[in-house]
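Visitor: Counting in this note's numbering, the sequence shown runs from 537 upward without gaps.
We treat Cβ as the ideally placed atom computed from N, Cα and C, and that holds for glycine.
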Amino acid sequence: MTATVERIESWIVDVPTIRPHKLSMTTMGCQTLVIVRLTRSDGICGIGEATTIGGLSYGVESPEAISSAITHYLTPLLLGQPADNLNALTARMNSAIKGNTFARSAIETALLDAQGKALGLPVSALLGGALQTALPVLWTLASGDTAKDIAEGEKLLTERRHQAFKLKIGARELATDLRHTRAIVVSIHQDGVDGISSAGMG
Numbered sequence: 537m538t539a540t541v542e543r544i545e546s547w548i549v550d551v552p553t554i555r556p557h558k559l560s561m562t563t564m565g566c567q568t569l570v571i572v573r574l575t576r577s578d579g580i581c582g583i584g585e586a587t588t589i590g591g592l593s594y595g596v597e598s599p600e601a602i603s604s605a606i607t608h609y610l611t612p613l614l615l616g617q618p619a620d621n622l623n624a625l626t627a628r629m630n631s632a633i634k635g636n637t638f639a640r641s642a643i644e645t646a647l648l649d650a651q652g653k654a655l656g657l658p659v660s661a662l663l664g665g666a667l668q669t670a671l672p673v674l675w676t677l678a679s680g681d682t683a684k685d686i687a688e689g690e691k692l693l694t695e696r697r698h699q700a701f702k703l704k705i706g707a708r709e710l711a712t713d714l715r716h717t718r719a720i721v722v723s724i725h726q727d728g729v730d731g732i733s734s735a736g737m738g
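#1: For R543, count the other beta carbons within 10 Å of its own beta carbon; 16 or more makes it buried, fewer makes it exposed. Which is it?
#2: In terms of residue numbering, what span does the beta strand (DSSP E) encompassing V549 cover?
#3: With a 10 Å radius around its C-beta and 16 neighbouring C-beta atoms as the bar for buried, classify I554 as buried or exposed.
#4: Pair every Cβ in the stretch 573-589 with every Cβ in the stretch 649-662, then say whether three or more of these pairs are closer than 8 Å.
#5: Look at the Cβ atom of N636, then the Cβ atom of E695, and state whether they are nearer than 8 Å.
#6: Helix, strand or coil, according to DSSP, for K702 in the structure here?
#7: Going by other Cβ atoms of all chains shown within 10 Å of its Cβ, with 16 needed for buried, is V551 buried or exposed?
#8: I need the DSSP call for R573, collapsed to helix, strand or coil.
#9: Identify every residue that forms a DSSP beta bridge with L677.
#10: Classify A619 as buried or exposed, calling it buried when 16 or more other Cβ atoms lie within 10 Å of its own Cβ.
#11: If you pair each beta-carbon of the stretch 659-670 with each one of the stretch 599-613, do three or more pairs fall below 8 Å?
#12: According to DSSP, simplified to helix, strand and coil, what is P599?
#13: Thinking just about the alpha-carbon of each residue, which of A687, I633, L622 is nearest to the one in F701?
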């Protein structure tokens, strides 16, 4: 018998940052996540997540709006539906709910996670196979203070925790951001280190 979507729950979780995270439009003291748990009638649970940064200063969906869309609009569409037909479930969400891409993606991720568990496969196998088995993780240097960012980057390099960095710029005058970026790149640059600046929205 085909398993159906039995329950969808979501929680808003605030995870404190290790230091204030300065973006061009706001300073964050925590990262807010919306966690989704989808339970199928066969007892298998899938987990999904939606994350935005800076509340509504970065995009059109806030964590509260994501959770509300999941609870009040998406969940009623999916309850009782066959849980293993991801294309049909995704089409159902897309045809009934406009926008709300973070909310829909959190549920889609939970559906994929549950289907992978049901089949004993990693989600990558459901999507055609993994292109990579490991990826470098960027560390964001975003204290807004050049000396602190340099010290943080050097510490992470010494501990061999990260080899790639992203700088948050765009809130100050261009000349100030250029001095900040240059000082960090010169101080922590070595073979295998990438300094990546973000001057866009954050």
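Guide: The answer reads as follows:
#1: exposed
#2: 541-558
#3: exposed
#4: yes
#5: no
#6: strand
#7: Classification of V551: exposed, given that the 10 Å Cβ count is below 16.
#8: Three-state result, R573: strand.
#9: In the DSSP output, where bridge partners are listed per residue, L677 has L703.
#10: Under this definition A619 is a buried residue.
#11: no
#12: helix
#13: A687
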